[in-house]
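Notes for the one structure printed next.
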Amino acid sequence: MLDNKSILITGGTGSLGKELTKTILKKWPNIKRLVIYSRDEQKQYQMAQEFPESQFPAIRYFIGDVRDLERMKRAFNGIDYVIHAAAMKHVHIAEYNPDECVKTNIGGADNVIKASLSSNVSKVVALSTDKACAPINLYGATKLTSDKLFIAANNIKGNQDIKFSVVRYGNVMGSNGSVIPFFMNKRAEGVLPITDANMTRFNISLQGGVDMVLHALDAAWGGELFVPKIPSYRILDVAQAIGPECEHKICGIRPGEKIHEEMITSSDSFTTYDLGKYYVILPQVTNWDMKEYIKTFNAKLVPQGFNYTSGENTEWETVDSLRTLIKEHLYSDFTV
């Protein structure tokens, strides 16, 4: 799929960007070019130690901000596929710095679309979040807007052969700022801060997120919003898995947080299809044949009123399964 192609990842020095880089370089050794686009020179320097250009001649490190359209047009020159992972992602920081969040998450998304349309890019996959579904915080609201921009971009492409799609998933296990590394650091103090005893979240591995992005690059017809079928976890089970001897101190939810997360609302059910491994929310207006799409992917419309939330999920991580995942994927020396 990616042989002799040029790919650019915005926010490429983040957790998912690095895992994408690792997977792409391993699976497609004949890739033409892999551009890591981000604004943090220190993270780029550190990533270049792990993936040096001397060992991986296809890789390029490109300093730039998604807010800078002209810089993006330069970076997108000759690029076939774009994976848009750059965003301001911390809920409480976005609440305190709303202008910055809007500039990056909405303005940046618009710039990715404009740069792609002016650079003969053929496929764009944008990363979303469960917080974009029925948002109650600014981060979620900006990512919902971003989702809408990318989906609508398929209507303004004219005769260009380009497809825009979106992938939406829950918390990436072990990513920067997520709960498992936070609890691992805190357990040495003997106290694990719990926001709310009833809190649940969706859980996806880094590799699961990578697989979903690659699926969208390969299968998207343009305008889809892909949602994975993944388990949930209870925050108290995460605390028990990591620090069973620790005190669990209830500290209250932070501004903009939910007790449970959603990925598909009942209002989405009218255009949501079950693809087997994934759900897909389709646009109400498409520029391709809906009947052909349904036949190609054996897509089945979900029941009217269907919704997909972390609190009402049918698949759950347990304390034991969480410990296994932590040891196998994050901390090989993990013990309790």
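The number in our numbering is simply the position in the sequence shown, starting from 1, with 685 added. A virtual CB, placed ideally from N, CA and C, is assigned to each residue, including glycine.
Sequence-distant residues of the same chain with beta carbon closer than 7 angstroms to residue i, five excluded per side
| i | result |
| --- | --- |
| T1003 | D922 |
| L834 | A794, D795 and I798 |
| T698 | I721, S723, D725, K728, Q729 and M732 |
| T708 | V895 |
| T971 | G908 |
| K1012 | F1019 |
Beta-carbon proximity of residue i to residue j, cut-off 9 angstroms
| i | j | result |
| --- | --- | --- |
| A800 | A772 | no |
| I927 | I889 | no |
| I692 | R718 | yes |
| L812 | G941 | no |
| D896 | R853 | no |
| V965 | L910 | yes |
| I649 | Q729 | Here the chain has residues from 686 to 1021 only, and residue 649 is not among them. |
| M732 | Y722 | no |
| N998 | T885 | yes |
| A770 | G702 | yes |
| G907 | I847 | yes |
| G862 | M948 | no |
| S831 | A817 | yes |
| A662 | I920 | A question about residue 662 goes unanswered here, because the residues of the chain that appear run from 686 up to 1021. |
| K943 | I821 | yes |
DSSP state of residue i mapped onto helix, strand, coil
| i | result |
| --- | --- |
| F911 | strand |
| N888 | strand |
| S813 | coil |
| M858 | coil |
| T1003 | coil |
| Y1016 | coil |
| D750 | coil |
| K943 | coil |
| I927 | helix |
| F835 | helix |
| S803 | coil |
| V797 | helix |
| M948 | strand |
| I938 | coil |
| E738 | coil |
| F867 | helix |
| H775 | coil |
| T994 | strand |
| V895 | helix |
| L693 | strand |
Neighbour-count burial assignment, residue i, 16 or more Cβ in a 10 Å radius
| i | result |
| --- | --- |
| R939 | exposed |
| C786 | buried |
| V810 | buried |
| V857 | buried |
| T706 | buried |
| M757 | buried |
| T789 | buried |
| N839 | buried |
| S917 | buried |
| T827 | buried |
| V864 | buried |
| E704 | buried |
| I768 | buried |
| K774 | buried |
| V1021 | exposed |
Neighbourhood of residue i by C-beta distance below 8 angstroms, restricted to the same chain and skipping five residues each side
| i | result |
| --- | --- |
| T956 | I966, L967, P968 and Q969 |
CB-CB length for residue i against residue j, believed under 8 angstroms
| i | j | result |
| --- | --- | --- |
| G859 | L1015 | 4 angstroms |
| Y766 | S807 | 7 angstroms |
| V912 | Y958 | The pair is not a contact, with the Cβ atoms about 10 angstroms apart (cut-off 8 angstroms). |
| T981 | H945 | Not really, about 34 angstroms apart at Cβ, beyond 8 angstroms. |
| N983 | S954 | At roughly 19 angstroms, the Cβ-Cβ gap does not stay under 8 angstroms, so N983 and S954 are not in contact. |
| T950 | A837 | The Cβ separation is near 19 angstroms, so there is no contact. |
| L1053 | S700 | The requested residue 1053 is not part of the displayed model; the chain covers only 686 to 1021. |
| M686 | D903 | 5 angstroms |
| E738 | I744 | 6 angstroms |
| W713 | D753 | Not really, about 29 angstroms apart at Cβ, beyond 8 angstroms. |
Any non-hydrogen atom of the ligand COA within 8 angstroms of residue i CB
| i | result |
| --- | --- |
| T971 | Inclusion of the ligand COA in the displayed structure is not the case, the ligand content being empty and no account of it being possible. |
Proximal residues to residue i (C-beta, below 6 angstroms), its chain only, five neighbours per side dropped
| i | result |
| --- | --- |
| L877 | F868, K871, A924, G928, C931 and H933 |
| F741 | L710 |
| R750 | According to the sequence displayed, residue 750 carries Asp and not Arg. Result list for D750: R724, in chain order. |
| G696 | G702, S723, A770 and A771 |
| S850 | V810, A901, A905 and E909 |
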